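Per this note's numbering, residue 736 is the first one in the sequence shown, and the count goes up by one each step.
Each residue gets a CB set at the ideal place from its N, CA and C atoms; glycine is no exception.
On a predicted model such as this, the values are computed, not experimentally measured, just so you know.
Note sheet for the following structure.
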Amino acid sequence: GTPQKYDPTFKGPIYDRGCTDVICCVLLVIAIVGYVVVGIVAWTHGDPRKVIYPTDSRGQFCGQQGTPNEYPRFAASRWRVLAAVTCSSAASSCPVQICVTKCPDRYLTYLNAFGSRTPGELEYYRQFCVPEFKNLQKAPIQVLTDKECPAMLIPSTPLARRCFPAIRAKKGVIMVGNETTYDDGQGHRRNVTELLEGAKKANVVLETRHLAMKIFEDYTVSWYWIIIGLVIAMVASLIFIVLLRFLAGIMVWVMIVMVILVLGYGIFHCYMEYAKLKGEAGSDVSLKDLGFQTDLRVYLHLRQTWLAFMIILCVMEVVIILLLIFLRKRILIAIALIKEASRAVGHIMMSLLFPLCTFFLLCLCIAYWASTAVFLSTSNEAIYKVFSETPCQFSGQTCKPETFNTSNVTKLCRDAQCLFTFYGGETAYHKYLIVLQFFNVFMFFWLANFIIALGQVTLAGAFASYYWAFKKPDDMPAFPLFSAFSRALRYHTGSLAFGSLVLAIVQVIRVVLEYLDHRLKAADNKFAKFLLSCLKCCFWCLEKFIKFLNRNAYIMIAIYGTNFCTSARNAFFLLMRNIIRVAVLDKVTDFLFFLGKLLIVGSVGILAFFFFTQRIKLVQDTAPSLNYYWVPILTVIVGSYLIAHGFFSVYGMCVDTLFLCFLEDLERNDGSAEKPYFMSPDLKKLLKKTNKGQPDA
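Quick look at the structure:
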């Protein structure tokens, strides 16, 4: 590309600019209007109760206030015990679903209950019959023939308001209610393993639910300590940023030394735990032999776990030390750029709070997407089909409960019933539900990327106004952040929509590839898997490149007000003309900011580890008793990283903006009296160290 030439009228972000990429702006507005229409249609047809509440065979919700089944809260399958767990809509004899107040807790057949001398046995059984069943003296054979009561009951466990067989393993033996066999109500004894296949997935969910309940209990007793940990991370990040403002050089070296010390202590702690477990029973079991355990504390009693931690930390320590050795001169150069970024942030302190605005808008976007997805997935209609115990030509056909008793089906098939099977629909709306879901996902990516782009171009415009102010801060606008934000929305909504659209298309393609990969896992086509892996890798690289290009394009848009393609081209060529400086400065500062985030996260994480494991004697009695102490620790670590990333992202955008302005300044001016540089004295020193052609550059 052609280098920029001297322009005596150029003094920073151009205020006299016009609208860019208007077509993309119009497309975005149309897409948002369409997205709102899709949301309204979904909210009109959808019913989230279909996800929360189960239904009986008539399609009525169980446990829903204002319905006949308000108090029976659970749905139980009856009539066929072998199908008590799952119900295939394609089957000709699907178990009848009824709403019950509680799940059965014992083995019992209707014949035994009818002939039992125990008071209340038959009354207990009646709660699992259809609501219309009142005559307890009716012959059992007639009751079972009329399908008014199930032939048998088995002990069940409630899960998601549904009753599933209470299957468990005891010393390798599959049992249901402490029994290995059961009476099927027809005079036969069956093995409980016949229930296993149907309830296998339910048992996994049960174990997951048990784990989730324990995790929830941990959160209820430790949430305020987690908040305190996150506040500590926020205060530490803020103090670090403020100190960078005044002591950038010292803070960078302190940060480097502290990261090395924190990792060193982690290696030492892992070695001490590894040595302490030597000779203890069960500590030499391998991770592979142990398998997956929901109680993660089990892994901490294995020597192999601490050895793995120690190796990982050693590798990280060695890599960081080697990078510091080879980048020692570059770090000195990058410190000057960080100092300048600190001054810019110091003059625009509100920029540190701006990520909260971006975060709030992203939360709204996520909430709208999630609610629309739920309403779309629950906007199907109740489908009823004909079921019959005896051969019937109408079996499996759709029917309407209102007119079923007067139809020809009941005359030709006397035992046929019109039962609820699933939610679906055959209208045009229902046929295109998958298209609406795809549009929902696409719009989520587009709007989320647009919000992020708006935040980036706002920060870039504010920091560019600082750099191009000849007398800082006198020549800066009164409200640089607000000015940049209003310019971005007024003139460059189309350009931001263009860049976010390109990125959204790539991200949607990646989602489709992940979906195809999930579907092909069971297939044995190695070529298809290889091709899919190559495509996933290529689109991952493409997404990273587009994010890099968009970020720099938004900086050029904020400065010059050009359209997206022109800005992306100018930014790319500018970086390519200064590729050595890009490698020296930009990436080294990114590495230093990563070390800063690592220091904050590591320090807060170590503090949380010692507190929640009750290893700090001063507050040993204060720490809560937990099922899994890793729950609050991981929460604090992840939250600390997000907080630190929010603060350092402002610095990162500031450095990238100042760096592009610095390169533009070099091409436009030569430092003479006629063409003076806009850069600060620190950046002029930086210029001397990074002149083109020098080996150090």
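Please go through the same chain and pick out, in chain order, the residues whose beta-carbon is closer than 6 Å to the beta-carbon of residue i, but skip the five residues on each side of it.
i, result
"Asn1287", "Ala1306"
"Val878", "Cys884"
"Leu1444", "Since the displayed the chain opens at 736 and closes at 1432, residue 1444 lies outside it and no answer follows."
Which whole-angstrom value is the C-beta distance of residue i and residue j, which I expect to be below 8 Å?
i, j, result
"Leu1270", "Ala1263", "So it is not a contact: roughly 11 Å between Cβ atoms."
"Leu1236", "Trp1181", "6 Å"
"Ile1070", "Gly984", "5 Å"
"Ile961", "Thr1357", "Actually they do not touch by this definition, with Cβ atoms about 14 Å apart."
"Leu979", "Met986", "5 Å"
"Thr1113", "Gly781", "5 Å"
"Val1241", "Leu1266", "That belief does not hold up - the Cβ atoms of Val1241 and Leu1266 are roughly 18 Å apart, past 8 Å."
"Tyr1386", "Phe1328", "6 Å"
"Ala1183", "Cys1100", "5 Å"
Mark residue i as exposed unless 16 or more other C-beta atoms lie within 10 angstroms of its C-beta, in which case mark it buried.
i, result
"Glu1249", "exposed"
"Tyr845", "buried"
"Ile889", "buried"
"Ile976", "buried"
"Glu1399", "buried"
"Leu1111", "buried"
"Leu965", "buried"
"Phe1308", "exposed"
"Pro885", "buried"
"Gln1128", "exposed"
"Gln1152", "buried"
"Ser1077", "buried"
"Thr1138", "exposed"
"Asp756", "buried"
"Tyr1009", "buried"
"Val1354", "exposed"
"Asn1140", "exposed"
"Val1170", "exposed"
"Leu817", "Unreliable placement is indicated for Leu817, whose pLDDT of 30 sits below 50; no coordinate value is reported for it."
"Gly850", "exposed"
"Ala947", "exposed"
"Ser1086", "buried"
"Val992", "exposed"
"Val1435", "The first residue shown for the chain is 736 and the last is 1432, placing residue 1435 beyond what the model contains."
"Ser972", "buried"
CA-CA distance, residue i and residue j?
i, j, result
"Leu871", "Gln832", "21 Å"
"Asn847", "Tyr859", "12 Å"
"Phe1299", "Gln1349", "55 Å"
"Lys1074", "Phe1326", "16 Å"
"Gln1191", "Gly1229", "15 Å"
"Asp1019", "Gly1381", "42 Å"
"Leu1310", "Gly1017", "57 Å"
"Leu1147", "Val1247", "48 Å"
"Val1033", "Tyr1364", "12 Å"
"Ser1268", "Trp1275", "11 Å"
"Tyr770", "Asn1175", "7 Å"
"Pro839", "Pro854", "17 Å"
"Lys1013", "Thr1040", "13 Å"
"Arg852", "Ile775", "59 Å"
"Cys822", "Arg897", "Note that Cys822 has pLDDT 36, beneath the 50 cutoff, so the model's placement of it is unreliable and the number below is only indicative. Using only the alpha carbons, I get a separation of about 13 Å."
"Ala901", "Phe1220", "59 Å"
"Ile1186", "Leu1401", "32 Å"
"Gln1172", "Val1317", "42 Å"
"Met990", "Leu763", "44 Å"
"Thr1145", "Gly1131", "14 Å"
For residue i, I'd like the list of residues in its chain whose CB is within less than 7 Å of its CB, leaving aside the five on either flank, ordered along the chain.
i, result
"Ile1002", "Met1045, Leu1048, Cys1049, Glu1052"
"Ala826", "Per-residue confidence for Ala826 stands at a pLDDT of 33, beneath the threshold of 50, marking its modelled position as unreliable; no derived number is given."
"Val865", "Ile833, Glu883"
"Thr1133", "Ile1118, Tyr1119, Lys1120"
Under 8 Å Cβ to Cβ from residue i, same chain only, skipping five residues before and after it: list those, please.
i, result
"Ala1188", "Leu1231, Gly1234, Ser1235, Asn1285, Tyr1289"
"Cys760", "Cys754, Thr1228, Gly1229, Ala1232"
"Pro1430", "Because Pro1430 sits at a pLDDT of 38, beneath the cut-off of 50, its placement in the model cannot be relied upon, and the following sentence gives the value as read from the coordinates. Here the set comprises nothing."
"Leu1361", "Asp953, Val956, Ser957, Phe1347, Pro1367"
"Ile1083", "Ala1197, Phe1198, Tyr1201, Pro1215, Leu1216"
"Ile1055", "Val994, Ile995, Leu998, Leu1330"
"Ile1372", "Val1336, Val1339, Gly1340, Ala1343"
Does residue i come within less than 8 Å of chain B when only Cβ atoms are used?
i, result
"Phe1122", "Among the chains in the structure shown there is no chain B, since it carries only a single protein chain."
Exercise for the section: Mind the definition here: the segment 1193-1202 touches the segment 1388-1407 only if three or more C-beta pairs lie below 8 Å; say whether that holds. Expected result: Judged by Cβ distances under 8 Å, the segment 1193-1202 makes contact with the segment 1388-1407, as three or more pairs qualify.
Exercise for the section: Decide yes or no for the touch test of the segment 1167-1183 against the segment 1089-1107: beta carbon pairs closer than 8 Å, at least 3 of them. Expected result: Yes: at least three Cβ pairs fall under 8 Å.
Problem - Segment contact flag, the segment 1087-1105 with the segment 1116-1124, C-beta cutoff 8 Å, min 3 pairs - result: With fewer than three CB-CB distances shorter than 8 Å, the segment 1087-1105 does not count as touching the segment 1116-1124.
Exercise for the section: Specify whether the segment 1370-1381 and the segment 1329-1339 touch according to this definition: at least 3 beta carbon pairs, one from each stretch, less than 8 Å apart. Expected result: A contact exists between the segment 1370-1381 and the segment 1329-1339.
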